[in-house]
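Start counting the sequence shown at -2; every next residue gets the next number (our numbering).
Just so it is clear, CB atoms sit at the ideal spot from N, CA and C, and this is done for glycine as well.
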Amino acid sequence: MKEKKLGLMSLILMIFTSVYGFNNIPRSYYLMGYAAIPWFVIAGILFFIPFAFMVAEFGSAFREETGGMYSWMEKSVGPKYAFIGTFMWYTSYVLWMVNVSSGIWVPVSNLIFGEDCTANWSFFGSQFLSGSRLLGIMAVVFFIFITYFDSKGIDKISKVTSIGGTAVLAINIMVVVGSIVMIIARHGQLEQPFAGMESLKVPLNVAYQGSPIMILSFIVYALFAYGGIEAVGGLVDKTENPKKNFPKGIIIAAMVIVVGYALLIMLVGSFTNYSEVLGADNITLGNVSYVIMSNFAAAFGKAFGATEATQIVLAHGFARVYALIMLLALMGAMFTLVYSPLKQLIDGTDKELWPGKMGVIEADGMPKNAMWIQCAIVCVMILLVSFGGDTMQQFFVILTAMVNVGMTVPYMFISFAFPKFKRMKGVDRSFEVYKSQKSANFWGYVVTLTLLFANVFAIIQPALDGDIKTTFWSLSGPVIFGLIAWVIYTRYEKKKAAKSKDSVKSVA
């Protein structure tokens, strides 16, 4: 039976759902206001579009390989480079798990109380076990629970939680339509006034004003918002008329995503006055989405003359709905990502690479031993960050910074390998966007340098403001995991060398 190919519209939708993340919008508005918009456009031009084309070329040339990005880098540069890059890509998901396990209690609080009360939670009134420390312990229990169910091969739960994905799409439509209706009802008045170029240049967040490095460090948030495009590499072959449709699909999807981010940041300002809604100390990167979505419902009521009491009821009600949707989406992602990247990493590499029984994939397809090792690492990291002695605001800043840096660093390995891939002989070049070696070199290095500078600024900026802890944790993820990957592979090389020496001796 002939495989049904993806049409242009289906391809655009697949790219959109792989990349676009609604949560990036309220967070970006909180960090920069309208001034976030130009950085999304810059990140789209310097990273997203050229990188998507590189991934497409890799995916097309190595379509017979099962190892995904590991195969691309291994064939282009070498197995050690490929292993370190892929291992760092995998560990970015470990950092994501640390973040989500701790942050998942914010939607739980919104669901139960209609607002985020996590900062006030304590264990039977204990001062020691309160705030970020209590969240850390709850996150550890939650992660052990998820690992236990996944190790039993129970991935059925993720099917239920896929409802969350559809519901997030509905939220986007609701915000767009609701905002436009409110703008019309208020005769074009925006809650946060827009002053043209001035608003696009000057961040609303006081912390970012007059700090060029702080503004440049924001690029990592914009780059992170375009993450997930590496998953598109395998779609070239599954597309109708790929030479024509794939580049067209990527450009249209990229434009829709860039415009979508810019438009929604703009619309958040239409119903969110920055100083009135986001000026409080209890707003964190962990709860800002829920604060903005509660405000959306309250502002909608206000635009149509609802009383203050009704606005509060609407805000609490919508916070619960949004929290349920995010909870389902996060649970679904968590159940899948606890085993999926780990399985991909182990599947793509030699079993002898892994110490003990770590490389064993069970009959049900689950890398159970590796999952429990992963669980121990995630739990230790959660406890180290949560017991580091910080406010809730700082706790979520550290977690978000770790994930943003951790997830964008591995992309540098792919973009840096691209010019070398272009020099390879005897490779299937039936799909090409970069026609010359010169263009491959130029864009390969532009993307690598964009990622490098963005991450350097993101890492050093907190230290310049006296926040050594965020800098330490942002840097520690890639450095520690990069070193672990290097040690694992070096140990494997020595093992192989010793084996080949022994076999030569036995032959002699």
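Apart from the five residues on each side of it in sequence, which residues of its chain come closer than 6 Å, Cβ to Cβ, to residue i?
i	result
LYS354	ASN366
GLY224	MET404
GLU508	Residue 508 falls outside the range modelled here, since the chain spans only -2 to 505, and no answer is possible.
ASN438	PRO416
VAL137	CYS376, ILE379
ALA33	SER25, ILE262
LEU108	ARG317, ALA320, LEU321
PRO239	VAL233, PHE428
LYS77	TYR486
TYR431	ALA437
Just mark residue i as buried or exposed, buried being the case when its beta carbon has 16 or more other beta carbons within 10 Å.
i	result
ASP515	Residue 515 falls outside the range modelled here, since the chain spans only -2 to 505, and no answer is possible.
GLY463	exposed
PRO459	buried
SER99	buried
THR115	buried
TYR408	buried
GLY133	buried
SER383	buried
LEU381	exposed
ILE322	buried
MET(-2)	Unreliable positioning characterises MET(-2) in this predicted model, as indicated by a pLDDT of 49, which lies under 50. A coordinate reading is not provided.
ASP425	exposed
LYS241	exposed
ILE411	buried
SER176	buried
GLN189	buried
THR447	buried
THR304	exposed
GLY30	buried
Near residue i, which residues of its chain fall below 8 Å by C-beta distance, leaving aside the five closest residues on each side in sequence?
i	result
LYS417	SER73, VAL74
TYR489	ASP347, GLU349, LEU350
VAL510	What the structure shows of the chain is the stretch from -2 to 505, and residue 510 is not part of that stretch, so it cannot be assessed.
ILE226	ILE12, SER15, VAL16, PHE45, PHE48, ALA49, VAL52
Below 7 Å CB to CB, which residues in the same chain sit around residue i once its five sequence neighbours on both sides are set aside?
i	result
LEU92	MET399, VAL400, GLY403, GLY474
ALA455	SER214, VAL217, ALA398, ASN401, VAL402, SER471
THR468	ILE456, ILE457, PRO459, ALA460
TRP102	THR115, LEU132, MET135
TYR478	Note on residue identity: the sequence assigns Phe, not Tyr, to residue 478. Closer than 7 Å at Cβ, skipping near neighbours: PHE84, MET85, THR88.
PHE13	ALA250, VAL253, ILE254
VAL406	MET85, ASN452, PRO475
ILE165	First, the amino acid is wrong: residue 165 is Val here, not Ile. So the qualifying residues of the chain are PHE19, ILE322, ALA326.
ALA204	MET211
Report the partner residues of residue i according to the DSSP bridge assignment.
i	result
THR236	LEU3
Quick one: is residue i near chain D, going by C-beta distance under 8 Å?
i	result
ALA295	Checking the listed chains, one finds no chain D in this structure; it contains a single protein chain.
Worksheet item: Does the stretch 254 to 274 touch the stretch 292 to 299, meaning 3 or more C-beta pairs lie closer than 8 Å?
Response: Contact between the stretch 292 to 299 and the stretch 254 to 274 is present, because at least three Cβ pairs lie under 8 Å.
Worksheet entry | Every unbroken alpha helix (DSSP H) inside the stretch 255 to 279 [4 residues or more] | Within the stretch 255 to 279, the complete alpha helix (DSSP H) runs of at least 4 residues are 271 to 275.
Item to complete: Determine, using beta-carbon pairs with one atom in the stretch 275 to 284 and one in the stretch 39 to 56, whether at least three such pairs fall under 8 Å.
Response: Contact between the stretch 275 to 284 and the stretch 39 to 56 is absent: fewer than three C-beta pairs spanning the two stretches fall below 8 Å.
Practice prompt. Enumerate, from N- to C-terminal direction, the unbroken alpha helix (DSSP H) stretches of 4 or more residues contained entirely within the stretch 305 to 361.
Written response: Considered as a whole, the stretch 305 to 361 harbours 305 to 334, 337 to 345 as its complete alpha helix (DSSP H) runs of no fewer than 4 residues, in chain order.
Worksheet item: Do three or more CB pairs link the stretch 366 to 375 to the stretch 51 to 59 at distances below 8 Å?
Response: A contact is defined here as three or more CB-CB pairs under 8 Å, and the stretch 366 to 375 fails this definition with respect to the stretch 51 to 59.
Discussion item. I want to know whether the stretch 181 to 196 touches the stretch 296 to 308 - three or more CB-CB distances under 8 Å.
Written reply: Between the stretch 181 to 196 and the stretch 296 to 308 there are three or more C-beta pairs closer than 8 Å, enough to call the two in contact.
Discussion item. For the structure I just gave you, are there three or more beta carbon pairs, one from the stretch 241 to 253 and one from the stretch 6 to 23, closer than 8 Å?
Written reply: These segments touch.
Discussion item. For the pair the stretch 252 to 263 and the stretch 15 to 33, tell me if three or more CB-CB distances fall below 8 Å.
Written reply: At 8 Å Cβ cutoff, the stretches touch.
Discussion item. Pairs of beta-carbons, one from the stretch 326 to 344 and one from the stretch 138 to 147, closer than 8 Å: are there three or more?
Written reply: Contact between the stretch 326 to 344 and the stretch 138 to 147 is established, with three or more Cβ pairs separated by less than 8 Å.
Practice prompt. Starting from the N-terminal side, write out each stretch of the alpha helix (DSSP H) that is 4 residues or longer and does not extend beyond the stretch 177 to 233.
Written response: 194 to 198, 209 to 214, 216 to 222, all fully within the stretch 177 to 233.
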